[in-house]
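*Asks:* Got a structure for you, written out below as structure tokens; questions coming shortly.
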Amino acid sequence: MSSRYGCSRYRCLAVLCAGLLSSLPAAADVVQDLLDEWRTELRAAGDKTAFSAVAGRTAWYRDIAGRSCPSCHTDSPHKSGRHARTGKVIEPMAPSTNPQRLTDRQHINKWLKRNCKWTFGRECTAQEKGDILTWLSQQ
Ligand code: HEC
Numbered sequence: 008m009s010s011r012y013g014c015s016r017y018r019c020l021a022v023l024c025a026g027l028l029s030s031l032p033a034a035a036d037v038v039q040d041l042l043d044e045w046r047t048e049l050r051a052a053g054d055k056t057a058f059s060a061v062a063g064r065t066a067w068y069r070d071i072a073g074r075s076c077p078s079c080h081t082d083s084p085h086k087s088g089r090h091a092r093t094g095k096v097i098e099p100m101a102p103s104t105n106p107q108r109l110t111d112r113q114h115i116n117k118w119l120k121r122n123c124k125w126t127f128g129r130e131c132t133a134q135e136k137g138d139i140l141t142w143l144s145q146q
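Residues in the sequence shown are numbered from 8 upward in steps of one, following the working numbering.
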């Protein structure tokens, strides 16, 4: 009797867990939605260039007057970073190391805007954002 209870309780837990997991926003979905949006924007402007992880990586490491994305996020997206100005710790950017990454579109948009301005002195274009997010989501 008690073992049967135990079994069904476990089964119940397993079902609950599976349900919870599947309701979490997947990074892949959030990223794909954003990429689709930017692609639509670019296509409307007549640009047919596909997003490129290689170009994204290049943009990530591009140094403009001593500033680059690694200034705060370090030379590896798998490592914890540190804010160049405030010294505050920044969790790793790679979703394979930090599954919470790239799961919240507002957070992504807000920080892309802010960080492109800080790093490049201007907002990133839809092409640059798409390239960077393509590369980052594969890390
Ligand atoms: C001056 C420091 C700094 C620089 C330089 C910087 N970032 Fe960030 N970045 C942050 C901080 C702080 C956060 C928000 C805290 C967090 O998400 O852990 C963040 C968050 C992000 C996020 C959100 C990730 C997510 O999971 O939602 C993205 C995307 C991002 N940065 C991209 C970039 C890109 C691209 C560059 C280069 C153009 C860059 N960052 C340069 C400090 C910086």
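Each residue gets a CB set at the ideal place from its N, CA and C atoms; glycine is no exception.
1) Kindly give me the distance between the Cβ atoms of CYS123 and ILE97, rounded to whole angstroms, as I take these residues to be in contact under 8 angstroms.
2) Using a threshold of 6 angstroms, is the CB atom of ASN116 nearer than that to any non-hydrogen atom of the ligand HEC?
3) Within 6 angstroms: the Cβ of LEU42 and any heavy atom of the ligand HEC?
4) Tell me the rounded alpha-carbon separation between SER9 and LEU143.
5) What would DSSP say about ARG92, mapped onto helix, strand or coil?
6) Using the Cα positions of THR141 and ARG129, report the straight-line distance between them to the nearest angstrom.
7) Taking contact to mean at least 3 C-beta pairs separated by less than 8 angstroms, is the segment 45-64 in contact with the segment 130-137?
8) Please report the straight-line C-alpha distance between PRO84 and ARG69, rounded to a whole angstrom.
9) Let me know the secondary structure DSSP gives ARG69 once reduced to three states.
10) Return the CA-CA distance between ALA34 and ASP111, expressed in angstroms with no decimal places.
11) DSSP on ALA133, reduced to helix/strand/coil?
12) Using only CA atoms, which one of HIS90, ALA52, THR104 and GLN145 lies nearest to TRP118?
13) Take GLN145 and list the residues in its own chain whose beta-carbon comes closer than 8 angstroms to its own, dropping the five residues that flank it on each side.
*Replies:* Taking the structure as given:
1) A Cβ-Cβ distance of about 16 angstroms is found for the pair CYS123 and ILE97, leaving them out of contact under the 8 angstroms criterion.
2) For the ligand HEC, no non-hydrogen atom lies closer than 6 angstroms to the CB of ASN116.
3) Not so, every heavy atom of the ligand HEC lies at least 6 angstroms from the Cβ.
4) Low local confidence applies: a pLDDT of 46 at SER9 is under 50, so the model's placement there is unreliable, and no value is given.
5) Residue state, collapsed to three classes: coil.
6) Rounded to the nearest angstrom, the two C-alpha atoms are 20 angstroms apart.
7) With the cut-off at 8 angstroms, the segment 45-64 and the segment 130-137 touch.
8) Taking the straight line from one Cα to the other gives about 15 angstroms.
9) In this structure, ARG69 counts as coil in the three-state DSSP scheme.
10) For ALA34 and ASP111, the gap between their C-alpha atoms comes out near 8 angstroms.
11) The DSSP-derived three-state label of ALA133 is helix.
12) The shortest C-alpha separation from TRP118 is found at HIS90.
13) For GLN145, where only same-chain residues beyond five positions count, the Cβ hits under 8 angstroms are ALA60.
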